[in-house]
Amino acid sequence: MRLSKTLGAIGVGLGVLAWSFSAAADPLPTSAEHVETPGRSVGSDDTADAIVVNPANLAFLPAAELRYTYVYCPPDTEKVGCGHALEVGTPLFFGLATGLRVDLVQPPWGGPPGDGIGFPYRGNDYVWLTWALAGKLGDRAAFGASIDHSYSPNGYVNGLTGLTAALTWRPNTHFGFAAVAHDFNRPSSGIPFAPPGSPCTEVNGACLPVLDGKYDLAMAFRPTGRRDVDVDFELRYWQGLDQWTPRGTLAFDVPSVGRIFTSVEVANLANDHFRGTMGTAGVELHWGGLSAGGGALFGDGLGASGDAAGYGTLAIAGYTQPGIPLPSRAVWIRLEETPGTRGHVALLRKLWKLADESDVSAVTLVLRAEPASSFAHAEELADAIRLLRAHHKKVLCSLEDAQSRSLYVCANADRTVVSPAGGVRYAGLKSQYIYLKGLLDKIGVKAEFVRVGPHKTAPEQFTNEHAGPVAAQDHEEMLRQIESVFVRNLAIYRHMDEGRIREETRRGPFVAEEAKAAGFVDGFAFDDELEHATQELVGRKLWYQKYSDETRAPSTFASRGKLAILYLDGDIVDGRSQHIPLLDMKLVGSYSMEDQIKHLREDPTVRAVVLRIESPGGSSLASDVMWRELTLLAKAKPLVVSMGSVAASGGYYVASASRDIWAEPLTVTGSIGVFYGKADVSGLLDKIGVTVDTYKTAPRADAESFFRGFTPEERQELEHKVDQFYDTFLTRIEEGRGMRKADVDAVGRGRVWTGQQALERHLVDHLGGLRDAMADARARAYLPDDAPVLEYPPESTSLLDLALKLAGAGGNDKAMLTVESLPPAVRGIAKAVAPLMVFRGDQPLSRLEWVDLPE
């Protein structure tokens, strides 16, 4: 209430000031100006009008904009600035933006030529063509410049070229500062229209160029820290007149309407006789990316009579501003392939954003592939659907050939339909592990490993033909945990009894009719029937459209605290990060992560970091390097860990740097342990007739060689070293998590846990997904809900990706050249063998065994 009264008082005050000097006044200084931009401010205007107001602000334009403005002046107006203006501005790349504007200026008609007040080109319109270029200097500053050229049948204003330069600095959300040098080259035609012999125009005794130099200093103030209220104070210096002209502007958003603008400008403020004032007042209505508005220019600064001028403006933009609510609509999102790590997060962020869209009444998920690569990811999508429903959005799931993860996700929707010829390929959950000893024996390769305990089962893939007793029990227990959560989720959200779900499961897989009879879907629909099905779910007709990411006008100045998401996605290796496209294998390098973590620690604009872990582990040394950098980061700012599908072994090692860990109930984590070993290829060499001579200065010089096995003494020594590496692992968790080493050991020795089990054993702190972890980080850093989110490290493009892009291939075409294009059995073997190709045989490993996540 107080704020509204304050705004009203400011508005009234500006209006009164605009009329208070009408007794005796001169027009404001005139020049061969552009068409007026009523109400726009030098300090904070980020529309296409920035081309002529302050070209530096063009760098903050959120998306392309096309704008038309018409300013009408009464016949006796003496100030230049009437006519038509058409402009377009757009962001480019690397923080650059550009704009082009055409002004058809209709000069003032008041007063005869050469009267010392007006300009002697009345009756001759002229055109300005202006090009502007701007660039960001980080998040807080921008520079800009423009060049304009005039065209007219009147030689006095024809062929003028003006140069403008500008700088804007926004140190925080409340203040912005700007300096603009308009037409600092002060071009003139040189045609004498003043007393004979004079090369310029004489106004009030001053000899002016046609285009005088004007220099603006501005301060923008946002009392709330947001765009809902803008108060700007400006000073303009006219070089030829040696005169300062103050100007004040006020702009504020009106809910469900648009934006109101008002301003007042005063010339000769200290001189009662020559003082002149011009005020503006107007409103702009916003409807999506459309804007339309108008208003008045008034005051004695326009001329002797002080008659008001009018203006109108119309804009089409690629961004939206607060204004008139859009009609209710439904949006659909189609998935044709299972999202990867970042694609999954992008999908989550789309759904979270839709939950806040007041005009969205329904969301249709058209799933033509499994929507998640794991049940942990599926739970995050299920949470996003529940969020949509909590915000009163109806959610429809459309399936075609669904599997278990689709069922898990869509159980949370209001309604699930399946293609009449489709079905649900679900008959229970499974997990499969590949063992390679038989293959290695056939080719004469012997795998030799030393591990910390029987639960550290990764080496068994190379030393056994089947899982050992401990491994088999662990695998069965893990699958039971996952099945329990899966069935409970379906029971709660499909409103079914758990016993019935298990009973129906035994009858699977299901064709469409059977899936409905089993209670797993609600009905049938082809693609062309989804619009009707969505409207039927909502209960009324509404606009149905494909989801497109909507760009909004920034609610604050850019200089805000940010939340960073740091991805640890892939096998952990020493050195630099890499991607092996043919194996579709991501390698997270210790050096690359070390640099990235240090950058986030030292960046003052990053207030909190969420570490998103999707890793089965890898090199113990690389994990330790990352752990160290993360502990330093956690001392400088909030560090919250979000575990995705897998955060195990070395992945858990790295996570233990934080005492604030979030995991989904079905995240695979733990596996605290170390193993060490190599492949002895001497048998293979014998088969192919290859011999190796070794010369050494000490007995163990070739202990890590692939060309022989370990001796009993070496194996005993390796067991001792593995215990040392394991002790270091336990120490890191003790330091990072604040747990006793004995307690860590009790749940360690390679044992794998679900997130739910890990919570019970104090290995994680909360159950929840990325949304919960981000909310936690924002709360710890006192960041608002709409704080900017940045993702690190930047996505890199491999040579294969680049070649495919240049060849016009992508998406599914890329998969044809990777391991995913192989038959399932061969693909499984290729992925299982891949770690042997990546990790050296002389390094201790903290890695989970390879397994297709349960499905």
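Be aware that the sequence shown starts at 1330, since it is given in the numbering used here, and climbs by one per residue.
Every residue gets a Cβ at the ideal spot worked out from N, C-alpha and C, and that includes glycine.
- Ranked by how close their Cα comes to the Cα of residue 1930, the residues 2026, 1943, 1950, 1958 have 1958 in first place.
- According to DSSP, residue pairing for residue 1909 in a beta bridge involves 1914.
- The shortest CA-to-CA distance from residue 1783 to any of 1796, 1771, 1707 is the one to 1796.
- For residue 1588, the beta-bridge partners assigned by DSSP are 1582, 1613.
- When C-beta atoms of the segment 1382-1397 are compared with those of the segment 1489-1508, three or more pairs fall below 8 Å, so the two segments count as touching.
- When only Cα atoms are considered, residue 2079 and residue 2175 end up about 9 Å apart.
- Listed in chain order, the alpha helix (DSSP H) runs fully inside the segment 1633-1718 are 1670-1684, counting runs of at least 4 residues.
- Burial of residue 1426 is indicated by the presence of at least 16 other C-beta atoms within 10 angstroms of its C-beta.
- Contact between residue 1513 and residue 1548 fails: their C-beta atoms lie close to 21 Å from each other, not under 8 Å.
- Secondary-structure assignment with DSSP links residue 1996 through no beta bridge to anything.
- DSSP places residue 1953 in no beta strand (DSSP E) but in the uninterrupted alpha helix (DSSP H) bounded by 1949-1965.
- Beta-bridge partners assigned by DSSP to residue 1894: 1939, 2120.
- Within the same chain, 1969 come within 6 Å of residue 2105 by CB-CB distance, once the 5 residues on both sides are set aside.
- The segment 2058-2125 is shown to contain whole beta strand (DSSP E) runs of 3 or more residues at 2081-2083, 2118-2121, in chain order.
- Judged by DSSP secondary structure, residue 1796 falls outside any beta strand (DSSP E); it is assigned neither H nor E.
- Beta-bridge partners of residue 1873 (DSSP): 1659.
- Annotation for residue 1716: 1680, 1681, 1684, 2100 place their beta carbon closer than 8 Å to its own, counting only its chain and skipping 5 residues before and after.
- In the same chain as residue 1487, and ignoring 5 residues on each side of it, the C-beta atoms closer than 8 Å to its own belong to 1455, 1479, 1480, 1481, 1518, in chain order.
- Look at residue 1734 here: in three-state DSSP terms it is helix.
- Boundaries of the beta strand (DSSP E) around residue 1777: 1775-1780.
- Contact annotation: residue 1628 and residue 1608 have beta-carbon atoms nearer than 7 Å.
- Cβ contact annotation for residue 2095 (same chain, cutoff 6 Å, sequence separation greater than five): 1991, in chain order.
- Of the other Cβ atoms in all chains shown, 16 or more fall within 10 Å of the Cβ of residue 1926; this residue is therefore buried.
- Taking residue 1812 as the centre and dropping the five residues before and after it, the same chain places the C-beta of 1758 closer than 6 Å to its C-beta, in chain order.
- Within 10 angstroms of the beta-carbon of residue 1435 lie 16 or more other beta-carbons, which makes it buried.
- Residue 1391 is a Cβ neighbour of residue 1880, given a cutoff of 7 Å.
- For residue 1559, the secondary structure class from DSSP, reduced to helix, strand or coil, is strand.
- A Cβ-Cβ distance of about 4 Å is found for the pair residue 1952 and residue 1979, placing them in contact under the 8 Å criterion.
- With respect to residue 1461, residue 1428 sits close: the two C-beta atoms are nearer than 7 Å.
- Taking a contact as a CB-CB distance under 8 Å, the pair residue 1786 and residue 2178 counts as one, their CB atoms being some 5 Å apart.
- Residue 1972: member of the beta strand (DSSP E) spanning 1968-1977, first to last residue.
- Taking 7 Å as the cut-off, the beta carbon of residue 2173 is found no closer than this to the beta carbon of residue 1983.
- Exposure of residue 2089 is indicated by the presence of fewer than 16 other C-beta atoms within 10 angstroms of its C-beta.
- By the 16-neighbour rule on beta-carbons within 10 angstroms, residue 1423 is exposed.
- Inter-residue distance for residue 1823 and residue 1696 is about 18 Å (C-alpha atoms, whole angstroms).
- Of the residues assessed, residue 1777 falls on the buried side of the cut-off, its CB having 16 or more other CB atoms within 10 angstroms.
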